[in-house]
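Trainee: Take this structure first; my questions come after.
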Amino acid sequence: MSTRRPAPVERPVVLTIAGSDSGGGAGIQADLKTIEACGGFGTSAVTAVTAQNTTGVHGTHVLPVEEVKAQLDAVLADFDVAAVKTGMLATTEVVETVTRYVEDLDCPLVVDPVMVAASGDRLLAPEAEDAYEALVGAATLVTPNADEAAVLTDVDVADEAGARLAGQRLLTWGAEGALVKGGHIPGKEVLDTLVTADYIETARHPRIDTEATHGSGCTLASAAATHLAHGEPLREAVGESVDLLERAVRYHHDVGEGPGAVHHLVDVRNAAARDPTAERVQDVVDWFVDRDVSPLVPEVGMNVVGATPYAEVPEETAAVEGRITRTLSGVQPNRGVRFGASSHVARFLLAAREYVPEVRWAVNCRFTDDVEAALSTLDGPVAEYDRDAQPEDVAEIEESTMQWGARQVFGSLDGDEARPVVVLDRGAHGKEPIAKFVGTDARRVAERVVSVVETLESGESE
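In terms of my numbering, the sequence shown opens at residue 99 and continues consecutively.
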């Protein structure tokens, strides 16, 4: 009996030097999860052991410097390290020791100057703050939040101007780039400011209404280090990492008695759901063709749209390319199911998910008086929005129209109110009236469509 040949995988090795978080959301644990999720192989040197969970830090034990050095020696003697990320270093002696090691390495270095945990517990001795200057000077990227940037640079980081100035001061220490994170700066938007010698860029994104940011700094810095290990330019590495963190915070883990922890593997889980999502859409399309749902196919064509669990953009929704149209013998999809195939229905679905993230499926259908009567037989509420009531500037932009309509329906729901299973758009400005079936389960949404078709065919809606 022959043995199978091995098929080794090569991934860039990333070394994280940080503290351990027994709660699993931050520190070494967050770093290793994120490194793996971003396509790297994670190695580590633990600087401290913390007893913590989602409610706070309940104890800290800093390892002797000789133990930290032993870990670094072991990793660097065996692995071709492609990037290094530092987190909790705790004391002046540890900061200085790590600085001596990384100064001799020829690879990107990301320094996350961890000083205080998200819970407010201090993770760096005050006298160790000054020791960071040499470590930052060796960095490819330093990623302080607003409070950390203020401590390091004596700049009040209360707005974009402050973030720019703090970033520029960090560059004078020798860092190639400084990402001043805006999560702690008040405002409806989060401003993350990347400062380099060649450019200053500010990424703006809506603030997510959650306190579940445990591990956010570790995740962003580890992601950036891993992207740099892959050879990506700094601008792209930071952009990918900021996007990952935004999704990781929004779709955070609801664990523990505290606010929870960021979802380090959110992009991996989302990518893994692509094929099953497309298959579910195809199943519904096949059923609609077999059942002949032509009574509900609008003039513009019907589409079945499915979003991955953490979808944020139309390219993360699967739909029928060219839609489903009526034929002499029933209905037929014009082409196959692919991601990014829908525009209008996908934008409406994504806008609805801003308020009800569990909603993942939508079907647009013909809407007439007889259809409206048939909808009364469904097992859930029917809602609607009036295009004539939308502001003129919204009507000029189709994407804004979709978002405006979803906001009228889903944004007004209170916590206990039942979610609509159908949303009516009675049309305006020459637009065809449409009924959008929506829901959290593809099969249940499809069953409602077929149920209305059966009611129309039986004449019970008359």
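Note that the Cβ used here is the ideal one computed from N, Cα and C, for glycine as well.
None of the values given here were measured: they were computed from a predicted structure.
Would you identify the three-state DSSP class for Gln488, choosing helix, strand or coil?
Mentor: Gln488 falls in the coil class under three-state DSSP.
Trainee: Tell me the rounded alpha-carbon separation between Ala135 and Leu363.
Mentor: Taking the straight line from one Cα to the other gives about 6 Å.
Trainee: Assuming Ile298 is part of the beta strand (DSSP E), what are its boundary residues?
Mentor: Note, Ile298: beta strand (DSSP E), Ile298 to Pro304.
Trainee: Residues in the same chain with beta-carbon distance under 6 Å from Arg451, minus the five sequence neighbours each way, listed in chain order, please.
Mentor: These residues qualify, in order along the chain: Val457.
Trainee: Let me know if Pro412 comes out buried or exposed under the rule of 16 or more other beta-carbons within 10 Å of its beta-carbon.
Mentor: The residue is buried, with at least 16 neighbouring Cβ atoms inside 10 Å.
Trainee: Can you grab the Cα-Cα spacing for the pair Ile133 / Phe139, in whole Å?
Mentor: Using only the alpha carbons, I get a separation of about 7 Å.
Trainee: With the cut-off set at 7 Å, would you say Thr406 and Ala371 are in Cβ contact?
Mentor: Taking 7 Å as the Cβ cut-off, Thr406 and Ala371 qualify as a contacting pair.
Trainee: Which whole runs of the beta strand (DSSP E) in the region 349-417 are 3 residues long or more, in chain order?
Mentor: The qualifying runs are 402-405.
Trainee: Count the other CB atoms, across all protein chains shown, that sit within 10 Å of the CB of Gly329; report buried if there are 16 or more and exposed otherwise.
Mentor: Gly329 is exposed by the Cβ-count criterion.
Trainee: Just reading off the beta strand (DSSP E) that Gly434 is part of, what are its end residues?
Mentor: Taken as a continuous stretch (DSSP letters only), Gly434 belongs to no beta strand (DSSP E), as it is neither H nor E.
Trainee: Return the chain-ordered list of same chain residues with a C-beta closer than 8 Å to the C-beta of Val429, the five sequence neighbours on each side being excluded.
Mentor: Closer than 8 Å at Cβ, skipping near neighbours: Phe386, Val387, Asp390, Val391, Ser392, Val395, Met400, Ile422 and Thr423.
Trainee: What residue range does the alpha helix (DSSP H) around Glu56 cover?
Mentor: Since the first residue of the chain shown is 99 and the last is 560, residue 56 is not available in this structure.
Trainee: Going by DSSP in three states, His312 sits in which element: helix, strand or coil?
Mentor: Here His312 sits in strand by DSSP.
Trainee: Please return the same chain residues whose Cβ sits closer than 6 Å to the Cβ of Val403, not counting the five positions on each side in sequence.
Mentor: Counting only Cβ-Cβ distances below 6 Å, and skipping sequence neighbours, we find Thr415, Ala417, Ser440, Val443, Ala444, Leu447 and Ala460.
Trainee: Does DSSP classify Glu552 as helix, strand or coil?
Mentor: Here Glu552 sits in helix by DSSP.
Trainee: Contact check, Gly121 vs Ala146 under 8 Å by CB: the rounded distance?
Mentor: With a Cβ gap of about 14 Å, Gly121 and Ala146 do not count as contacting.
Trainee: What first and last residue would you give for the beta strand (DSSP E) that runs through Asp245?
Mentor: That residue, Asp245, is in no beta strand (DSSP E); its alpha helix (DSSP H) goes Ala244 to Thr251.
Trainee: Would you say Thr466 reaches chain C, if we count a Cβ-Cβ gap shorter than 7 Å as a contact?
Mentor: Structure shown: chain C not included; a single protein chain is present.
Trainee: For Gly272 and Glu258, what's the separation of their Cα atoms in angstroms?
Mentor: Straight-line Cα distance between these residues: approximately 22 Å.
Trainee: Which of the three DSSP states, helix, strand or coil, is assigned to Lys167?
Mentor: Looking at Lys167 - three-state DSSP - the assignment turns out to be helix.
Trainee: Is the Cβ-Cβ distance between Val379 and Val435 less than 7 Å?
Mentor: Cβ distance < 7 Å, so Val379 and Val435 count as in contact.
Trainee: Check whether the region 189-208 and the region 148-156 touch, using three or more Cβ-Cβ pairs below 8 Å as the test.
Mentor: Too few Cβ pairs lie closer than 8 Å, so no.
Trainee: Would the region 276-293 and the region 248-267 be scored as touching if the rule is three or more Cβ pairs under 8 Å?
Mentor: Contact between the region 276-293 and the region 248-267 is present, because at least three Cβ pairs lie under 8 Å.
Trainee: Can you tell me whether DSSP reads Gly154 as helix, strand or coil?
Mentor: Note: Gly154 maps to strand in three-state DSSP.
Trainee: With three or more C-beta pairs closer than 8 Å as the rule, is the region 122-130 touching the region 155-173?
Mentor: Short answer: they don't touch.
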